[in-house]
Amino acid sequence: MSNIKVIGIDLGATNIRGAVVNNNTIGNIVSQRIKSDGSVEDVLNDIYTVVDALLQNDKASAIGIGVPSVVDVAEGIVYDVQYIPSWKEVHLKKLMQERYSMPVYVNNDANCFAVGELYFGKGKGTDSMVGVTLGTGLGTGIITNGKLYAGHNCGAGEIGLFPYIDNILEYYCSGSFFSNVYGLDGVQVFKDAQAGKERALELYAELGNHVGNAVKMIMYAYDPELIILGGSVSQAFEYFKDTMWQQVKTFAYSKTLERIKIEISELQNSGIIGAAALYYDNQK
Numbered sequence: 055m056s057n058i059k060v061i062g063i064d065l066g067a068t069n070i071r072g073a074v075v076n077n078n079t080i081g082n083i084v085s086q087r088i089k090s091d092g093s094v095e096d097v098l099n100d101i102y103t104v105v106d107a108l109l110q111n112d113k114a115s116a117i118g119i120g121v122p123s124v125v126d127v128a129e130g131i132v133y134d135v136q137y138i139p140s141w142k143e144v145h146l147k148k149l150m151q152e153r154y155s156m157p158v159y160v161n162n163d164a165n166c167f168a169v170g171e172l173y174f175g176k177g178k179g180t181d182s183m184v185g186v187t188l189g190t191g192l193g194t195g196i197i198t199n200g201k202l203y204a205g206h207n208c209g210a211g212e213i214g215l216f217p218y219i220d221n222i223l224e225y226y227c228s229g230s231f232f233s234n235v236y237g238l239d240g241v242q243v244f245k246d247a248q249a250g251k252e253r254a255l256e257l258y259a260e261l262g263n264h265v266g267n268a269v270k271m272i273m274y275a276y277d278p279e280l281i282i283l284g285g286s287v288s289q290a291f292e293y294f295k296d297t298m299w300q301q302v303k304t305f306a307y308s309k310t311l312e313r314i315k316i317e318i319s320e321l322q323n324s325g326i327i328g329a330a331a332l333y334y335d336n337q338k
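With this note's numbering applied, the sequence shown covers 55 to 338.
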C-alpha cells in the first residue's frame, strides 16, 4: 500500500466529517454541521469548508467522499441524497476536482464501509466479503475478487429493499425495527437491554431472527467468505447474536455454514477511513 495521503469525507445527515488518512493512520478530524435544508451551493460550501481546513494543516493527493445516495461512480454524480432535499443531481466529482486539482472518488456510504474494512479493518486479505451497516437503515457493500463491486448504477447489495414479511427487510432488520413494529425508542431499548430488562432482551432476540434472515439472503446471493456487521446496532450484538445464529444455521448448504465467518467491525471512524479507501480500491 502506498504512503499517499488521502482526504476522507463522510457526508452524513447533519454533519460532514473529514480527516487526512495516511494508510491506516487518521489525522485530526474536522467536523462541520451542514445546512441540510439549504441549496446545492450551501451544502457544497460546507464540504469546501472542511476540505479547506484540512489542507491548511496538511497535504493530500486525493479525496474520497462517501454519501448516503445512489452514485454514478464513473462520473461522480450523486442523486437524491438522503436528508438533503436540494441534492437531486450534483456533479460532485467534477466540482471537487475543478476546485482542488486532484483526483476525487465518490461512492455511497455502505460501499465506503465495506472498502474501509477491506483495506484497514477485519477484511484485510479477503477476496469476497460483504460489509453490512445496521443503523437507522440497512446498507450493504459487496467485495468480490478483492475489489468493490458497486453494480452498474451503484445499487448492488441493496438487500434492505428486498420484500420481507409485509414490508421490506430494512423495516425489520435495522435500528428502526423497534419503532416500526412496536413504537419504541431504539436507544431506550438498548439501555434497557444493558440493564437486563427482560422485555428489551426479548425484542433483541426477535431482531436477531430478522438479522439472521438477512445474513442468509446475503449468503445465498453472494456466497462470501466473510460478513462484517457495522453501524450502531452492531454495538448490541451480544443481545441478538444467539437468535441470529439460530436462523443462520437453517441455511441449506452445510459446507458453506462451516466456512462462513461473521465478524463485528472494530474500525473507528469508518465513514472517513472508508471514503479514503476509495482511492486504494481505484488503483487496482
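Don't be surprised by glycine CBs; every beta carbon is placed ideally from N, CA and C.
All values derive from a computational prediction rather than experimental measurement.
Chain-order list of residues whose beta-carbon lies under 8 Å from that of residue i (same chain, five-residue window excluded)
i	result
GLY209	VAL124
MET271	ILE213, PHE216, LEU223
ASN267	TYR218, LEU223, CYS227, GLN301
GLY189	SER228, GLY229, GLY285, SER286, VAL287
ILE347	Because the chain spans 55 through 338 in this model, residue 347 falls outside it and cannot be assessed.
Residues near residue i by beta carbon distance below 7 Å, same chain, minus five either side
i	result
TYR258	ALA247, ALA290, TYR293, PHE294
LYS148	GLY130
MET273	PHE305, THR310, ILE314
LEU261	PHE231, PHE294
Run of the alpha helix (DSSP H) containing residue i, from where it starts to where it stops
i	result
LEU280	That residue, LEU280, is in no alpha helix (DSSP H); its beta strand (DSSP E) goes 280-284.
ASN267	252-276
VAL127	No alpha helix (DSSP H) holds VAL127; DSSP gives it neither H nor E.
TYR334	324-335
LYS295	291-302
ALA247	240-248
TYR236	231-236
SER308	308-313
Identified DSSP bridge partners for residue i
i	result
GLU143	TYR133
THR198	LYS201
PRO122	The partner list for PRO122 (beta bridge, DSSP) is empty, contrary to what the question assumes.
TYR159	GLY118
ASN221	TYR218
ILE80	VAL75
GLY193	THR187
Contacts around residue i, its chain only, beta-carbon distance under 6 Å, and the 5 residues preceding and following it disregarded
i	result
ASP106	none
SER140	SER93, VAL94
ASN20	Past the boundaries of the shown model lies residue 20; the chain is included only from 55 to 338, so the question cannot be answered.
ALA330	VAL60, GLY62, VAL75, GLY118
TYR137	ALA67, SER90
ALA254	VAL243, ASP246, ALA247
LYS338	LYS201
Boundaries of the beta strand (DSSP E) in which residue i is found, first to last residue
i	result
VAL186	183-188
LYS59	59-65
ALA73	69-76
GLU212	Neither: GLU212 is in no beta strand (DSSP E) and is coded neither H nor E.
LYS89	LYS89 -> no beta strand (DSSP E), and no H or E assigned at all.
GLU320	No beta strand (DSSP E) contains GLU320, which DSSP labels as neither H nor E.
Classification of residue i by the beta-carbon crowding that lies within 10 angstroms, buried from 16 upward
i	result
THR79	exposed
TYR307	exposed
GLU224	buried
GLY250	exposed
VAL302	buried
ASN207	exposed
ASP335	buried
GLY205	exposed
LYS142	exposed
VAL121	buried
ASP220	exposed
ASP296	exposed
ASP134	exposed
GLY211	buried
ASN161	buried
ASN57	exposed
ASN179	The identity of residue 179 in the sequence shown is Gly, whereas the question assumes Asn. That one is exposed.
VAL104	buried
VAL269	buried
Cβ pair count under 8 Å reaching 3, the stretch 232-249 against the stretch 263-279:
no
Taking contact to mean 3 or more Cβ pairs, one atom from each stretch, closer than 8 Å, check whether the stretch 163-181 and the stretch 86-105 are in contact.
no
Would you call the stretch 317-327 and the stretch 63-81 touching, i.e. three or more CB-CB distances under 8 Å?
yes
Does the stretch 156-167 come into contact with the stretch 108-124, if we say contact requires no fewer than three beta-carbon pairs (one atom in each stretch) closer than 8 Å?
yes
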